[in-house]
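Protein sequence lines, in the order shown, are assigned to chains A and B.
The first sequence begins at 677 in my numbering and counts up one residue at a time.
The second sequence begins at 939 in my numbering and counts up one residue at a time.
Worksheet: one structure, shown below.
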Amino acid sequence: MGIGGPVGSGKTALVAALCHRLRNMVPLAVVTNDIYTTEDADTLRHLGVLNADHIKAVRTGCCPHTAIRDDIAANLDAVEDLEQMIGADGVILVESGGDNLTATFSYGLIDRQIFVLDVAGGDKVARKGGPGVTRSDLLVVNKVDLAPLVGADVGRMLSDAHAVRGSLPVLATTVRSGEGVDEVLAWLMSERALSRS
Amino acid sequence: MVLSDGRFPSGAHAYSSGMEQSIAWHDVTGLASLEEFVAGRVATTGAMAAQVAAAASTLMTAATAPQQTIGLDALDSAVDARMASAASRAASRQQGHSWLRGARAVWPAELASASPLLMDRHAWVTLGAATAILGIDPQDAACLALHDLVSTLVWSAVRLLGLDPFEAAGILAGTLAGVETETRALAAEAVPATEALCLGRVETEWISWLAAPLSDLGAEAHAARAERLFAS
Ligand SMILES: Nc1nc2c(ncn2[C@@H]2O[C@H](COP(=O)(O)OP(=O)(O)OP(=O)(O)O)[C@@H](O)[C@H]2O)c(=O)[nH]1
Ligand SMILES: [Mg+2]
């Protein structure tokens, strides 16, 4: 499962929240593609959501979008190593480095992808579109709690998103308090069941 | 041409072959020092890369199957012995692995039967052997190895220092043009020198021992850093 989206939108927070819920349900591992350092991987290790050896950090050579889309070799190496450890039946969450609205995952690397926006980035973002917003398998609009503070109209964002995405799903979350995360989890599990059948 | 294209998905974009650390140490600060650095690596690592690629290529066309195994093992050990940094050795094997994955996906029929033989080897060994199977001769294999080395250095410097990409491409083109005759000569000499390996005799002393000790130290320092963008 790829998890992409702009810098700071809450990708790692979502990965951590999903790990908390998934770890007793399925074999689980995480790959991070931080643009700099191993920040995301370290965060997850410190949160103690997974065994340290079930989290791998990939170096992206200044180009996080290249590493998840055009040249997926290093990510495939990481995913294959983890698959060996947890089995083909497990779930591997691949977090992209924070990037722009055009950065999406290659389906040579992942089966499904979530694109995470946050309301603090401005409620225009869903309207602007780009492949992450229009084509991701699930669009998550995060940090709904911040909407009143930044003057963002969540309803508008959701309807803009639905307008450009057709029948593809959109969910609103406040990952920080856990709101909406169970819905993301339910979507993930149903997609997993579909891809296995 | 497909193999030497920087957009070929072999993982190469995330390697700097020591450039990131050289920049951190202020050894490379701009176009002039980049050009000097590249010249130094071409004269040292480059000579070994050209010879090893050409030798691996020769083995695949001139030796029987058991001798190919012995020969490639010997070349692998020769590279191990010539790369002082453990981090560089690991990066080289990882690159060989990723490169083979890409090549196998693109040419499954051609590379299927030789794949076990090419697995887990140094990048120059894999490159020389796999390209021979694809019909590329030892001299062109050596040129490909040089192209890979120089473009890794140049393009990682462009990303890290924000260099003018046109000037950088000029350095790439100029360096490769300047070194082509020498590279082809090294490869041509490697073909007869590989004769013993083709007969199963482990003779690799002739492979260049020229090295860049500061780069070896740099590779170790780089691997120990947390805040790095490149895999090497
Ligand atoms: N208020 C609020 N803050 C949140 C929410 N989700 C995440 N954050 C905070 O937003 C900041 C960035 O979150 P991360 O999860 O690190 O974001 P990211 O997308 O992984 O960031 P990069 O990997 O650097 O691109 C952190 O301080 C989080 O605590 C939320 O729902 N509400
Ligand atoms: Mg993150």
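Ideal placement from N, C-alpha and C gives every residue a C-beta, glycine not left out.
Spatial neighbours of residue i in its chain, beta-carbon cut-off 6 Å, leaving aside the 5 residues before and after
i: A/Gly842; result: none
i: A/His730; result: Ala705
i: B/Gln1077; result: Arg1122 and Ala1125
i: A/Lys800; result: none
i: B/Ala1080; result: Ala988, Ala991, Ala992, Thr1121 and Ala1125
Spatial neighbours of residue i in its chain, beta-carbon cut-off 8 Å, leaving aside the 5 residues before and after
i: B/Glu1158; result: Ser1023, Ala1024 and Ala1025
i: A/Arg840; result: What sits at residue 840 of chain A in the sequence shown is Val, not Arg. Counting only Cβ-Cβ distances below 8 Å, and skipping sequence neighbours, we find Ala802, Arg803, Gly805, Val809 and Thr810.
i: A/His696; result: Val725
i: B/Leu1101; result: Gly968, Leu969, Leu972 and Ala1095
i: B/Pro1004; result: Gly1138
i: B/Leu1087; result: Ser955, Arg979, Val980, Thr983, Gly984 and Ala987
i: B/Ser1053; result: Leu1038 and Arg1042
i: A/Val820; result: Val795, Val830, Ala848, Thr849, Thr850, Glu855 and Gly856
i: B/Glu1048; result: Ile1071 and Leu1072
Residue i and residue j closer than 7 Å at C-beta
i: B/Val1017; j: B/His1060; result: yes
i: A/Val792; j: A/Gly678; result: no
i: A/Val851; j: A/Leu834; result: no
i: A/Gly774; j: A/Thr736; result: no
i: A/Ala837; j: A/Leu815; result: yes
i: A/Ala749; j: B/Ser942; result: no
i: A/Pro776; j: A/Pro740; result: Looking at the sequence itself, residue 776 of chain A is Asn, so the reference to Pro does not match. For A/Asn776 and A/Pro740, no; Cβs fall outside 7 Å.
i: B/Gly1040; j: B/Ala994; result: no
i: B/Gln1006; j: B/Ile1145; result: no
i: B/Ala1128; j: B/Ala992; result: yes
i: B/Gly958; j: B/Arg1166; result: Checking the sequence, you will find Glu at residue 958 of chain B rather than Gly. It is a contact, given that the beta carbons lie within the stated cut-off.
i: B/Thr1119; j: B/Thr996; result: no
Closest residue to residue i among the options (Cα-Cα distance)
i: A/Lys827; options: A/Leu870, A/Met865, A/Gly798 and A/Arg803; result: The sequence given here has Gly at residue 827 of chain A, not Lys. Answer by Cα proximity: A/Gly798.
i: B/Ala1169; options: A/Ser812, A/Asn751, A/Ser871 and A/Met833; result: A/Asn751
i: B/Met986; options: B/Gly1116, B/Met1021 and B/Leu1101; result: B/Met1021
i: B/Ser1015; options: B/Ala1150, B/Glu1141, B/Leu1167 and B/Asp1154; result: B/Glu1141
i: A/Met761; options: A/Leu815, A/Asp813 and A/Val702; result: A/Val702
i: A/Ala869; options: A/Gly854, A/Arg788, A/Leu844 and A/Val830; result: A/Arg788
i: B/Ala1012; options: B/Ser1153, B/Arg1166, B/Gly1138 and B/Ala1000; result: B/Gly1138
i: B/Asp965; options: B/Gly1156, B/Leu1010, B/Leu1167 and B/Ala1164; result: B/Gly1156
i: B/Met998; options: B/Leu1072, B/Ala1106 and B/Met939; result: B/Leu1072
i: B/Val1092; options: B/Leu1110, B/Arg1031, B/Thr1007 and B/Leu1049; result: B/Leu1110
i: A/Asp747; options: B/Gln1033, B/Ala992 and B/Ser995; result: B/Gln1033
i: A/Asp813; options: A/Glu855, A/Val820, A/Ile786 and A/Lys819; result: A/Ile786
i: A/Val755; options: A/Ala733, A/His741 and A/Cys738; result: A/Ala733
i: A/Arg745; options: B/Asp1078, B/Gly1116, B/Val976 and B/His951; result: B/His951
i: A/Leu861; options: A/Cys738, A/Thr719 and A/Val767; result: A/Val767
i: A/Gly784; options: A/Val795, A/Gly763, A/Asp765 and A/Asp753; result: A/Asp753
i: A/Ala717; options: A/Asp858, A/Leu769 and A/Cys738; result: A/Leu769
i: A/Val707; options: A/Asn700, A/Ala743 and A/Cys738; result: A/Ala743
i: A/Val691; options: A/Met865, A/Ser871, A/Glu867 and A/Val857; result: A/Val857
i: A/Ala823; options: A/Leu844, A/Arg832 and A/Ala796; result: A/Ala796
i: B/Ile961; options: B/Phe946, B/Ser948 and B/Phe975; result: B/Phe975
i: A/Thr688; options: A/Asn818, A/Glu859 and A/Ser866; result: A/Asn818
Cβ-heavy atom distance, residue i to ligand 1, below 6 Å
i: A/Thr810; result: no
i: B/Gly1100; result: no
i: B/Val980; result: no
i: B/Gly1066; result: no
i: A/Gly684; result: yes
i: A/Gly774; result: yes
i: A/Lys800; result: no
i: A/Val846; result: no
i: A/Asp821; result: yes
i: A/Thr778; result: no
i: A/Asn818; result: yes
i: A/Thr850; result: yes
Contacts of residue i in chain A (Cβ-Cβ under 7 Å)
i: B/Gly949; result: Asp747, Ala749 and Ala750
i: B/Arg979; result: Within 7 Å Cβ-Cβ: nothing; B/Arg979 doesn't reach chain A, min ~18 Å.
i: B/Arg1027; result: Neighbours of B/Arg1027 on chain A: none; closest Cβ ~17 Å, over 7 Å.
Chain B contact residues for residue i, given Cβ-Cβ distances below 9 Å
i: A/Asp753; result: Gly949, Gln1032, His1035, Ser1036 and Arg1039
heavy atom of ligand 2 below 6 Å from residue i C-beta
i: B/Asp1154; result: no
i: A/Thr688; result: yes
i: B/Asp965; result: no
i: A/Asp716; result: yes
Same chain, Cβ closer than 7 Å to residue i, neighbours up to 5 away in sequence not counted
i: B/Ala1150; result: Gly978, Arg979, Thr982 and Thr983
i: B/Thr1064; result: Gly1034, Trp1037, Leu1038 and Leu1056
Proximal residues of chain B, C-beta to C-beta of residue i below 8 Å
i: A/Gly798; result: None at all; the shortest Cβ gap to chain B is about 28 Å.
i: A/Ala743; result: His951 and Ala952
Closer than 7 Å to chain E by CB, residue i
i: A/Gly678; result: Although the question refers to chain E, the structure presented lacks it and instead comprises the protein chains A and B.
Interface residues of chain A facing residue i [CB-CB closer than 8 Å]
i: B/Arg1097; result: Gly737, Cys738 and Cys739
i: B/Gly1123; result: According to the sequence shown, residue 1123 of chain B is Ala rather than Gly. Result: empty, since nearest Cβ-Cβ is about 33 Å, beyond 8 Å.
i: B/Ala1169; result: Arg735, Gly737 and Ala750
i: B/Arg945; result: Asp746 and Asp747
Within chain A, the residues that residue i reaches when beta carbons sit closer than 9 Å
i: B/Ser1094; result: Gly737 and Cys738
Ligand 4 heavy atom lying under 6 Å from the CB of residue i
i: A/Asp829; result: Of the ligands one can find in the structure shown, namely ligand 1 and ligand 2, none is ligand 4.
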